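**Q** Residue numbers (the working numbering): 1404 to 1547.
Below is the structure:
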């Protein structure tokens, strides 16, 4: 039993204890200071308001989410404008490029906040509010 020397046991015990202490500190920090971005993935329709003519009739915003990163598609007058962005706190920003010559301009920028199944903010400096569309379930479509 000469394999277990006192110096080796103290060294390895201290090293393991130090690693466990660091793990505990990081875990406590993460649980108290960090939070996940709110889930906002889905399809949204623009609520009626006095909007710019560049938004056209019945624009739709589809958002896919991976953590703080967002991918979106803004459907305006049959044109699909790809957008990408990310959360910064509880706010998010989406931006992309539309086809040249469209009345909204080449660069599309949306800054907004999501609350209660609504997205409120600005799109091309125009105040807008989008409402999440509910997805019909199989039971509701068959009438059972």
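Using N, Cα and C, we set each Cβ at its ideal position, and we do this for glycine too.
None of these values were measured; they are calculated from a predicted model.
1) When the Cα atoms are used, what is the spatial distance from residue 1462 to residue 1448?
2) Quick one: complete beta strand (DSSP E) runs, 3+ long, within the stretch 1406–1484?
3) Given this structure, state the Cα-to-Cα distance separating residue 1452 from residue 1523, to the nearest angstrom.
4) Mind checking which residues open and close the beta strand (DSSP E) that includes residue 1492?
5) One question on the structure: do residue 1459 and residue 1480 come within less than 8 Å of each other, judged by their Cβ atoms?
6) Identify, in the order they occur along the chain, each residue of the same chain with its Cβ nearer than 7 Å to the Cβ of residue 1465, setting aside the five sequence neighbours on each side.
7) Would you kindly work out how many angstroms separate the C-alpha atoms of residue 1525 and residue 1431, rounded to a whole number?
8) Which residues in the same chain have their Cβ closer than 6 Å to the Cβ of residue 1490, if we skip the five residues on either side of it in sequence?
9) Could you tell me the distance, in whole angstroms, from the CA atom of residue 1420 to the CA atom of residue 1535?
10) Classify residue 1412 as buried or exposed, calling it buried when 16 or more other Cβ atoms lie within 10 Å of its own Cβ.
11) Taking all protein chains shown into account, decide if residue 1429 is buried (16 or more other Cβ within 10 angstroms of its Cβ) or exposed.
**A** Put simply:
1) 6 Å
2) 1445–1449, 1463–1469, 1472–1479
3) 12 Å
4) It is not in any beta strand (DSSP E) - residue 1492 carries neither H nor E in the DSSP assignment.
5) yes
6) 1446, 1475, 1476
7) 37 Å
8) 1440, 1471
9) 49 Å
10) exposed
11) exposed
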